[in-house]
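Report on the structure given below.
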Amino acid sequence: MKRISLLGATGSIGKQVLEVIDVNSELSLVAFSFYNNIELALNIIEKYRPQMVASPLEKYHDVISKKYPYIKITNNICDITEINGDDIIVINALVGSSGLKPSYTCLNKGRDLLLANKESLVVAGEILTSLAKEKNVRIIPIDSEHCAIAQVINGKQTSQIDGLVLTASGGALFHLSKEELKNVSVADALKHPSWSMGAKITIDSATMMNKGFEVIEACHLFNVTPDKVKILIHPESIVHSLVSFNDKSMHAQLSVSDMRIPINYAINYPNLYDNYLSKELELDKIGTLHFYPFDKERFSLVDTAVMAFNKKGFYPCVLNASNEVAVNLFLNGKITFDKIESIINECLEKTEELSKGLELTIDNLILVTNKVKQMIEEGGKYESTCD
Ligand code: NDP
Ligand code: MG
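Take the sequence shown: its position 119, counted from the start at 1, is 257 in this note's numbering, and no numbers get skipped.
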């Protein structure tokens with residue numbers, strides 16, 4: 139039996155984790171966190187009867203404790219990573235920088251971290267990977283490309299890896315020119331061709347910042363440098379990523395686009411467990427798969443991400459924080475699509491100033507994240523509604 143402690147149960151990944159739990163009698167939900175979706179949180183409590191529930195918004199605590207007095211309720215989402223038991227599996231399906239501290243507390247507790255929240259690795263990759271090493275625990279990726287690479291590498295020597303190839307669907311706006319990209323609407327940017335995901339990652343896919351984040355994520359997870367990570371446009375999202383080996387062979391992982399496959403893999407790692415939810419991949423019906431080169435000029439945020447990764451220190455943190463605020467502003471109709479990139483570039487230029495004298499620690503990464511948010515909001519130009 140495995141008991142799952144789920145950060146972000148009310149999100150797109152969180153809900154799919156619950157579906158995986160539903161069809162596996164060896165899994166149960168011991169604890170979860172949510173943010174604003176109290177209605178769904180109450181449904182989850184009613185169905186799974188967890189021991190602990192976390193939400194940073196205290197206004198919801200009373201509603202829960204009145205109806206379920208035996209449940210421990212906390213406003214510190216990190217608490218659910220530290221719940222006692224040898225059979226606990228922690229899954230981080232939070233969005234954005236809210237996932238950073240829980241990733242840290244999970245590893246620090248000496249627990250494997252099943253990670254969808256790629257932003258934690260973008261912001262604090264070095265801290266988290268060295269902590270995992272020190273505590274002798276693993277970071278098991280749920281992001282489909284990284285899960286694919288982990289499956290391909292499984293059991294092979296990393297010294298035999300020549301390079302990694304991350305596939306990218308191209309997002310909702312792949313067919314548009316740089317000029318046309320300037321004024322796309324929120325609705326258009328949210329129409330992802332192959333995946334149904336939370337709003338932030340869907341916009342990150344449209345700007346390709348998501349792929350930039352994934353290059354950084356791959357570098358941390360598989361201990362490679364960005365020049366070893368290529369991007370290949372693959373609109374069908376069937377080949378989830380590839381690894382090239384020193385014998386000039388390439389190995390790939392293929393499946394239908396369904397996040398319950400990587401979730402199921404991560405939960406049962408290193409064993410393969412039956413998947414009762416996903417469709418079989420019928421290549422004979424698909425017939426043709428397409429691959430196109432990635433246009434770095436058109437989607438320059440990937441290079442921006444690589445630059446931030448190479449500069450190290452607080453650069454990846456400022457990259458992530460400025461993107462988070464800019465995407466929120468775009469989603470709230472406060473800025474145009476092309477402004478996302480310019481806000482990120484303006485903030486990155488201020489990285490030294492924002493982090494002056496600060497040691498690279500989790501708390502200081504959170505501090506700088508908040509400084510970036512404040513700086514953009516106090517800029518006043520955008521009347522931000524973000525929190
Ligand atoms: P969603 O926006 O759908 O869900 C986010 C979750 O985090 C919700 O449970 C939400 O709570 C909670 N949350 C939001 N803000 C806060 C906060 N400030 N503090 C605490 N909790 C918060 O995101 P996704 O599920 O799409 O993505 C989750 C992560 O997985 C991201 O890092 C994304 O990049 C990654 N990922 C997602 C994929 C997908 O298919 N969706 C694919 C690959 C990676 P509530 O809803 O109650 O407000
Ligand atoms: Mg991905």
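Heads up, the beta-carbon is just placed ideally off N, CA and C, and yes, glycines get one too.
It should be emphasised that the depicted structure is a prediction, and the values quoted were computed from it without experimental measurement.
Assuming residue i and residue j form a contact by the criterion Cβ under 8 Å, report the distance between their Cβ atoms to the nearest whole angstrom.
i	j	result
Glu374	Ile339	Going by Cβ atoms, the distance from Glu374 to Ile339 rounds to 19 Å, so no, they are not a contact pair.
Val381	Ile287	6 Å
Ile104	His199	It is not possible to answer for residue 104, since the shown part of the chain is limited to 139 through 525.
Thr442	Leu419	At roughly 34 Å, the Cβ-Cβ gap does not stay under 8 Å, so Thr442 and Leu419 are not in contact.
Gln154	Met397	5 Å
Val275	Gly301	At roughly 27 Å, the Cβ-Cβ gap does not stay under 8 Å, so Val275 and Gly301 are not in contact.
Val353	Val440	7 Å
Phe172	Ser150	Actually they do not touch by this definition, with Cβ atoms about 13 Å apart.
Val201	Ile182	About 13 Å separates the two Cβ atoms, so there is no contact after all.
Thr345	Glu435	Not really, about 14 Å apart at Cβ, beyond 8 Å.
Leu180	Thr148	At roughly 10 Å, the Cβ-Cβ gap does not stay under 8 Å, so Leu180 and Thr148 are not in contact.
Keeping to the same chain, check which residues put their C-beta closer than 6 Å to that of residue i; ignore five residues upstream and five downstream.
i	result
Phe351	Lys256 and Val260
Ser143	Val168, Ala169, Ile218, Ile221, Ile226 and Val228
Asp525	Low confidence applies here, because Asp525 scores a pLDDT of 39, under 50, leaving its location unreliable and the question unanswered by this model.
Val510	Val456, Ala459, Ser460 and Cys485
Val158	Arg398, Ile401 and Asn402
Ile341	Ala327 and Val465
Ala254	Ile151, Ala231 and Ile280
Leu481	Checking the sequence shown, residue 481 turns out to be Ile, not Leu. Closer than 6 Å at the Cβ level, and outside the excluded window around Ile481, lie Ser460 and Ala464.
Ser393	Ile399 and Leu419
Please state the DSSP three-state secondary structure of residue i.
i	result
Tyr173	coil
Lys205	helix
Asp501	helix
Ala327	helix
Asp300	strand
Pro431	strand
Tyr306	Reading off the sequence, residue 306 comes out as Ala, not Tyr. If DSSP states are grouped into helix, strand and coil, Ala306 belongs with the strands.
Met335	coil
His284	helix
Arg141	strand
Leu269	helix
Leu392	strand
Lys320	coil
Thr426	coil
Thr212	strand
Ser235	helix
Pro373	coil
Glu515	helix
Phe475	coil
Measuring straight from C-alpha to C-alpha, what distance separates residue i and residue j?
i	j	result
Phe447	Asp385	29 Å
Ser343	Gly309	5 Å
Asn406	Gly471	41 Å
Val404	Gly237	Reading off the sequence shown, one finds Ala at residue 404, where the question assumed Val. Going by the C-alpha atoms only, they are around 18 Å apart.
Leu251	Asn174	24 Å
Cys285	Gln295	17 Å
Glu462	His378	25 Å
Ser258	Leu503	10 Å
Ile280	Glu516	36 Å
Gly234	Ala337	11 Å
Asn321	Ser334	23 Å
Ser387	Ser297	14 Å
Lys450	Ile473	29 Å
Met139	Lys273	23 Å
Ala356	Leu145	22 Å
Leu195	Asn213	7 Å
His330	Leu311	8 Å
Asn508	Ser163	42 Å
Lys197	Ile209	16 Å
Ser282	Leu421	19 Å
Ala325	Ser395	22 Å
Gln391	Leu156	24 Å
Lys366	Phe383	12 Å
With a CB to CB cut of under 8 Å and the five nearest residues on each side skipped, what residues in its chain are close to residue i?
i	result
Gly223	Arg141 and Val168
Met513	Cys485, Lys488 and Leu492
Ala506	Residue identity differs from the one stated: residue 506 is Val in this sequence, not Ala. Answer for Val506: Phe452, Cys455, Val456, Ala459, Leu492, Ser493 and Leu496, listed in chain order.
Ala527	No answer is possible for residue 527: the residues shown for the chain start at 139 and end at 525.
Val161	Tyr414 and Leu415
Ile291	Ile299, Phe360 and Val381
Phe437	Thr345, Met346 and Lys349
Starting from the C-beta of residue i, find all residues in its chain whose C-beta is less than 7 Å away, skip the five residues before and the five after it, and write them out in chain order.
i	result
Ile369	Leu304, Ala306, Lys349, Phe432 and Val440
Tyr206	Ile183
Leu319	Leu311, Phe475 and Asp476
Ile500	Leu238, Lys239, Tyr242, Ala262 and Ile265
Between the region 236 to 251 and the region 265 to 279, are three or more C-beta pairs nearer than 8 Å? Remark: three or more beta-carbon pairs, one from each stretch, lie closer than 8 Å, so the region 236 to 251 and the region 265 to 279 are flagged as touching.
At a cut of 8 Å, does the region 162 to 169 reach the region 179 to 190 through at least three beta carbon pairs? Yes, they touch.
Touching or not, the region 307 to 326 and the region 398 to 415, by the rule of three or more beta carbon pairs under 8 Å? Taking 8 Å as the limit for Cβ pairs, the verdict is that the region 398 to 415 does not touch the region 307 to 326.
Would the region 355 to 374 count as touching the region 427 to 441 if we require 3 or more Cβ pairs under 8 Å? Taking a cut-off of 8 Å for Cβ pairs, the region 355 to 374 and the region 427 to 441 touch, as three or more such pairs fall below it.
Count the C-beta pairs between the region 356 to 366 and the region 464 to 481 that are closer than 8 Å, then say yes if the count reaches three, no if not. Segments in contact, no.
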